[in-house]
Each structure stands twice: as C-alpha cells, then as structure tokens.
Amino acid sequence: MELAFLAELTANGALTGLLYSLFAIGLVLIYKASSVPNLAQGALTMVGAYLVLALARDAGLPLWAAIPLAAVAMFGLGMGIERVALRRLAGRPIVMILMMTLGIDIFLRGTTLAIWGGTSRSFDLGVSSDPLFLGDILISRINLVGAAAAVLLFVVFVMFFRTRLGTRLRAIADDYMASWSVGISVERGVGLSWGLASIVAVAAGIIWGEIQGVDQSLSLLLLKGLTVAVLGGLDSIFGAMLAGLILGIVENVGSTYLDPLVGGGSRDLIVAAVLILTVMVRPHGLFGRHDIERV
Amino acid sequence: MTIHRTIKALTVATLLGMAGQTASAQEAIRIGACLDLSKAYTFVSPQVAQAAQDLAKYVNQSGGIGGHPVEIIVRDHGNEPQRGVECYEQLKREGVFIFNFLSTPVTNAVLPRAMKDGNIVMQSFVGRGDAVDGEVFKWIFPVGPTYWQQAANDVAFIKGRLGGKLTGAKIGFIYLDYPFGQEPIEVLKTLSKAEGFDLKLYPVPLPGSDQASAWTQMRRDKPDYVISWILAGGHVVAFKEMKRNGFPIDKYLSVNWLNEVDIRNIGDEAAKGILRGTNVAGGQEVPLVKTLLENLYSKGQGSGPETSVRDVYYNTGLAIYAPAFEAARIAIKKYGWPLNAEKMKDGYESIKNFDGSGVMSPITVTAKDHGGGGKTRVEQWDGKSWVPLSDWSADYTDVVWKLIKENSSKFKVE
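Going line by line, the protein sequences match chains V and H. Take any residue in the first sequence, note its place counting from 1, add 6, and you have its number in the numbering used here. Take any residue in the second sequence, note its place counting from 1, add 1267, and you have its number in the numbering used here.
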C-alpha cells in the first residue's frame, strides 16, 4: 500500500475520530458528575439536530440564530431530564438509572419520529464538498470543521473546569458525599452536567447531520461514542479526544486492509474489539480514574 | 387487463346487480400489511401503506372486487423479526391469509411459517432472491424484479454503455454491509467471471454515513461505473464523497431505493446525471396515479398527504398491491366467493401481461416463476425528472435462474 494512500486513510481516520470525540464529550460530562453512562446521548444528539433544522428551515431563522437558540432549548431539556427523571433515582442501583436513560432514548426517538417522521432531511452548514488537497492527501472539509469544533469544545471545557463553577463540578466528580457535606449542591451540579452534555449534543448533531442528513440513524452514534468514552476513560475529556483519534485511525486503516480479506464487515468488528479489549485489559481506559475497575 | 379497466368492469358488473350475493358482498378481502413504520424503513413504509390504502379505497368506491370490499390492515413491526411473526400470527388467527412485510429480515423470519400454513406472502422488491422459484416457494410471491435480477440488469446496462463489452472493465459495488446490501454480491461475482470484468467491493457499515475510506479506495481503483446498494441518507453521503473525490455522478447507478426526498437532499441541480435502476414507473403521469389523484386527492379523500403521491415509493406501493388485487379478481371470477389462499395462489399464477395501469413493466406470473419476469430499466435524473435511458428488460436470466435454482434447492433440504 503506497504511503500517500496510507497517510490519507490516517488523516481522514483521525478527523472522523475527532467527530466521535465530539459526541463522546457529552457522555463524559455526565459520567464525570454522576457516574452514569448516558445511553440517551445518541437520541439527544438527534433531537439537537432536529431542533436546529426546525428553527432554521421551518421557522426560517438564520443558522447563526437557530444554533444558539437550539443550544439554549437543549440545555433546558437536559436540565429537565435530570430534574424530572433522574434525580428521584438518586441512591438506586446503577442498573435502574441505566434503564432510565435507555427509556429516555426510546422516548426521544419515538417523539422525534412522531413529530418529524422518518424521512431523512438534509442539513446545509454551507461547507463545500469540493475536494481539498493537502499535498497528495484529500481531506474532507466538513470533517475538518467538525474536528475543529471538537478541539474548540475541548479547550472550552478545560477552561470551564478551572472556573469556580467548574471546580464545583470537579469536586462532585471526585467525591459527591464530601461535596454535599461542604454545602455544594450536588443535584444542581449533576443537572448542569446534563445541560452541558445536551449543548454538546447540538454541536455533534449539527456536524453529523451535515455529513449524513438528519434522521433516526443519528442516534446510532451512541455505540462509537461509547467506545471512545470507555477507551478514553469515561471521566476524562482529554481521554475522549485521544481515544477518538485512536479509534478513528485504527478503524479507517484497519478496515481498508481487512475488508478485502474477510469480505467486508470489519469496521464494526474493529470497534467491538476495541470496546471488549478495553474493558478486559484496562477497564478504567487510557486516562480514567483507577477506581473504575472490574469487580 | 389493467386495474383501471378491471375496476370499471367490476363497477358495471356490480351495477347490473349480483343478486344472491348480498351477504357475502359485505365480507371483505383482508390484506395484512405488517410494515416497519417506526425504525429502519420509515423512509418508504408510510408511502407504501398510503398507496395500498388509496388503492383499496378507490376499488371499494368502485364496487370492490367481485362485490367485496378490500381492507388493508396496517400494523407496525419496527423491522423486528419477532414482531413481524407476532403480527403474522395475530392476523392469521383473525382469518387473514394475504400478507406483506416489506422488510427482508422480517419476511425471511415469517417465510417458513407461511410456507407451512399455506398463506400468501407478497414479497415484492425485498427478501431472498430465490423465492421467485414458485416450484419451491409455493406461497411466496415476489412479483417484480428481485435484487439479483436488478443487479444483473444493471450490469447489462453498463455493458451497453461500454460498447457491448465488459472484458477489462472495472465495476465497483458499494453496499450497506448487511443482508440487503449483500444480496447481489453472488450474482455480480458470477457475472464478473462470465463477462471478464473486474468487480471491486466497497462495504459500508450501517447506516451508511461513514463512506470516506470506501471512496478513497474508489479514487485509486477508478471503476468505470459504480453500482450502489445504499439507502436514503446514504445516497446523500455518497454524493458528497463523489464530489470530494472527483468521481462523475453519471457513473453512479443506484438501486431502486433512491427517491425524490434523496434527490431534494442532494439538490435538484447537483443530482443531475445520477442513475437509478428502477422496477416501477415513477411520476404522477402514470395512469393509475392520475386516477387516484383525480378520484381521491382532488376530493380530499386521500389516505395521507398528497406530497407522498409525488414520491416514487408511492408508485412502488401501488406496484406491490395492484398485482394482489388483480390476483383476487381473477380468483373470485374463476372460483367465486369465499376467497382463500389456494384460490388466491391460483389467481396470482394466472396473471398475464399485467402492468397495474402503467405503474410497472407488464408481468406474467406462472406457477414456476412467481417474479413475473424481473424487468427493470435505468433512468437518469435530468435536474427536474427521471428520464428512462433503457427499455424494460430482464438480462442474464439464465445466470440468475441458475443461481435461483441452486439456492432454492438448498431450501428444500433445510
């Protein structure tokens, strides 16, 4: 395999991987604050994309207004989900909370289907599909924009966690009992993390919506996002960024070699293998806290 | 006889008075439409259900079939085989013996039960390709071309475009890497050996959003044409990748599942040149569609939004249900009421030169061939509408039927 081809596969894999990271940041934010893997993050991403579309296309707002408005609405939705559905489950077994997020996922998918139907709708951010060559390497412009958005969000969250509010969230993540005892509102902190994760869902929904159109299949991003979050360490945003890069490259390069040998289907196999191996060999992921371990 | 003429004839017969049939005239011909209305096939199932209900409504307004109204019972199976089986069993208990599932996995799951029970399964445009073998799959009616036949017809079209010779040519096949997309591979491999072209396979994981590496490879391989077995939004992704990789859109030949919504999402102008293998005649100028627009939608009596009628999947729905109505008409005419699965089967196998009032190529179903001929044609988007580039034809039928027989014989053993 020629070097330029390998470089192109690696570069595009890295960019796609960062798009997975963009999605996974939402998962990490909620896990950091509440130790709950949010199985509804895929559905939230889909709802975010539909909301932007509804505001931009149906209500006729310009994108620069529709996106922040949708982000505000999604922030409210995330806070609302935590307040109405999850807060009352505090102290219950984790499996009950997991089932609740699964229930929310099904509810959100069903609601969007009832409102907007199952037909795919296009999303135009105005990013050109024309070829962009860096030397011999062809780069996807929208993937480049998405990767930049992921890096930007990463920087924003790194800075946010250094603020007073961010420090409180970190304290909750470290030890919520101790946080409670010193007067930090854990409930509000967890609610805030759901709100922020829902804003991240808007960003991921816009980028993925532009790439593949907006329909129910956006919610399927959960599997790859979860793999990235687990590999990165579930509670590490930096881990999610690095894991996205690794998964994207391994998946893109690996499947190109393997598909002709096994007759296709290796892409999903690679993702599954990464997930299984991570849980078996390093359950706390690359940068997760060591207390996330096998029993 | 077209369905339109059939209906007119039936209306006259009804008006002349069919004395003594009053009681049975109230009994309906019930068709179970267990469709995926909530998961993977939501981009097509609502239009198909709407077409079926419109057709039934129009036929009923015109006096029914042999004086009997048609009832379409629509249920959702969410593309889950166990729910499809549940739907089948439930409706079977209610006396239904004609079913449509419009999903390959669900149809495959129900098929052995229907075969055992002796109930009719309308399997048009989905499901296993060997089910057209009526000698083995006695109760299954995949009327219209199967994916195998459609892929073979696509290769014949490409051969014509490349000057009647495929030796040394390169044909790419990009497909969703699950049973739907994998269906034509065997046929394509067989034809690749027979015709001497180089077949390049490009699997794409579900739901079809991640095609970057497939098109990167395609840019290197430079196939002469690409046959695409991708669905819905996947076509939009493919279009963007084609543009990015400099692949000419007029060398992209899609499976029949590419509709007006996909074109709109790509952009009317941008999609100019894209090719589609089709098994139905699209558009509103089709006589049957015109009839339904005039008799139902102009009076506000359509079964759904009028916009859906402008979708080729609406015509697809008509092409699935019109042969069933015709089969019922023949069966009742031949054997009288009550209609049962045995009579319906005979009705299907007696269909001759039926085109559903212009909605598809004329089909002749026999006890041996439940597909009716397997003709398709290739159309090209000109920026405003689909322009046929070829006549209805079925090619490499010897190759396809050899595969059908090989596979259907295994079903007998199973």
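Backbone N, C-alpha and C fix where the C-beta goes; we use that ideal spot for every residue, glycine too.
Would you mind working out which of the options sits nearest residue i, comparing C-alpha positions?
i: GLU1453 of chain H; options: V:MET102, V:GLY84, V:GLY269; result: V:GLY269
i: MET1389 of chain H; options: H:ASP1665, H:GLY1396, H:ASP1400, H:VAL1410; result: H:VAL1410
i: GLU216 of chain V; options: H:GLY1439, H:PHE1464, H:GLY1500; result: H:GLY1500
i: ASP1665 of chain H; options: H:GLN1416, H:PRO1655, H:VAL1626, H:VAL1504; result: H:GLN1416
i: GLY124 of chain V; options: V:ARG147, V:LEU202, V:GLY219; result: V:GLY219
i: THR117 of chain V; options: V:LEU248, V:LEU50, V:PRO289; result: V:LEU50
i: GLN1647 of chain H; options: H:THR1631, H:ILE1516, H:TYR1663; result: H:ILE1516
i: PHE1506 of chain H; options: H:GLY1534, H:GLY1639, H:ALA1589; result: H:GLY1534
i: THR1309 of chain H; options: H:TYR1442, H:ASN1346, H:PHE1621, H:PRO1379; result: H:ASN1346
i: LEU198 of chain V; options: V:VAL188, V:GLY172, V:PRO74; result: V:GLY172
i: LEU114 of chain V; options: V:ILE148, V:ALA55, V:GLY132; result: V:ALA55
i: SER27 of chain V; options: V:ALA235, V:GLY291, V:VAL53, V:ALA72; result: V:ALA235
i: PRO1655 of chain H; options: H:ALA1548, H:LEU1555, H:GLY1639, H:LYS1642; result: H:ALA1548
i: GLY1330 of chain H; options: H:VAL1363, H:PRO1470, H:ALA1295; result: H:ALA1295
With a threshold of 16 other CB atoms inside 10 Å of the CB of residue i, please say whether the residue is buried or exposed.
i: GLN1551 of chain H; result: exposed
i: ARG1511 of chain H; result: buried
i: LEU25 of chain V; result: buried
i: ASP130 of chain V; result: exposed
i: ILE31 of chain V; result: buried
i: ALA1307 of chain H; result: buried
i: ILE112 of chain V; result: exposed
i: LEU228 of chain V; result: buried
i: TYR263 of chain V; result: exposed
i: VAL1553 of chain H; result: buried
i: THR284 of chain V; result: buried
i: GLU299 of chain V; result: Bear in mind that the predicted position of GLU299 of chain V carries a pLDDT of just 43, short of 50, making it unreliable; the figure below should be weighed with that in mind. The residue is exposed, with fewer than 16 neighbouring Cβ atoms inside 10 Å.
i: LEU267 of chain V; result: exposed
i: ARG1395 of chain H; result: buried
Short of 7 Å in beta carbon distance, which residues of its chain neighbour residue i, apart from the five on each side in sequence? Order them along the chain.
i: GLU8 of chain V; result: none
i: VAL1326 of chain H; result: ILE1274, ILE1332, VAL1337, PHE1592
i: ILE87 of chain V; result: ILE110, TRP200
i: ASN258 of chain V; result: LEU15, ASN18, GLY19, THR22
i: GLU1536 of chain H; result: GLY1650
With distances taken between CB atoms, is the gap from residue i to residue j smaller than 9 Å?
i: LEU251 of chain V; j: ALA79 of chain V; result: no
i: GLN1317 of chain H; j: VAL1576 of chain H; result: yes
i: ARG1644 of chain H; j: SER1624 of chain H; result: no
i: ALA207 of chain V; j: GLY66 of chain V; result: no
i: PRO1474 of chain H; j: SER223 of chain V; result: yes
i: LYS1635 of chain H; j: GLY1614 of chain H; result: no
i: THR1583 of chain H; j: PHE1366 of chain H; result: no
i: PRO1313 of chain H; j: LEU1304 of chain H; result: yes
i: LEU61 of chain V; j: GLN47 of chain V; result: no
i: ALA1661 of chain H; j: ILE1387 of chain H; result: no
i: ALA76 of chain V; j: LEU175 of chain V; result: no
i: ASN1546 of chain H; j: ALA1586 of chain H; result: yes
i: GLY141 of chain V; j: ILE213 of chain V; result: no
i: ASP265 of chain V; j: LEU1378 of chain H; result: no
i: ALA1381 of chain H; j: VAL1667 of chain H; result: no
i: ASP1491 of chain H; j: ILE1425 of chain H; result: yes
i: GLY1540 of chain H; j: PRO137 of chain V; result: no
i: MET1485 of chain H; j: GLY1439 of chain H; result: yes
i: GLU1527 of chain H; j: ASP1578 of chain H; result: yes
i: LEU232 of chain V; j: LEU292 of chain V; result: no
i: ASN1375 of chain H; j: PRO1446 of chain H; result: yes
i: VAL1503 of chain H; j: ASN1532 of chain H; result: yes
i: GLY1569 of chain H; j: LEU1555 of chain H; result: no
Ordered along the chain, which non-local residues of its own chain (more than five positions away) have a Cβ less than 6 Å from that of residue i?
i: SER1675 of chain H; result: ASP1397, ASP1400, VAL1403
i: VAL1422 of chain H; result: LEU1458
i: SER1521 of chain H; result: SER1495, ARG1543
i: ARG1342 of chain H; result: CYS1301, CYS1354
i: ILE143 of chain V; result: ALA13, GLU14, ALA17
i: ALA1290 of chain H; result: Since pLDDT at ALA1290 of chain H reaches only 36, below the 50 mark, its modelled position is unreliable, and the value read off the structure follows with that caveat. The answer is none, since no qualifying residue turns up.
i: LYS1672 of chain H; result: none
i: THR1574 of chain H; result: none
Leaving aside the five residues before and after residue i along the sequence, list all residues of the same chain whose C-beta is less than 8 Å from its C-beta, in chain order.
i: VAL42 of chain V; result: ILE36, LEU92, ILE100, ILE103, LEU104, THR107
i: SER261 of chain V; result: SER272, ARG273, ILE276
Hey, is residue i close to the ligand SAH, as in C-beta under 8 Å from one of its heavy atoms?
i: ALA1300 of chain H; result: Although the ligand SAH was asked about, the structure shown includes no ligands whatsoever.
Can you round the beta-carbon distance between residue i and residue j to whole angstroms, since I take them to be within the 8 Å contact cut?
i: ALA209 of chain V; j: LEU159 of chain V; result: 6 Å
i: HIS1344 of chain H; j: VAL1373 of chain H; result: 6 Å
i: ILE1630 of chain H; j: ILE1618 of chain H; result: 7 Å
i: TRP1482 of chain H; j: LEU1498 of chain H; result: Not confirmed; about 17 Å, so no contact.
i: PHE1464 of chain H; j: LEU1433 of chain H; result: 4 Å
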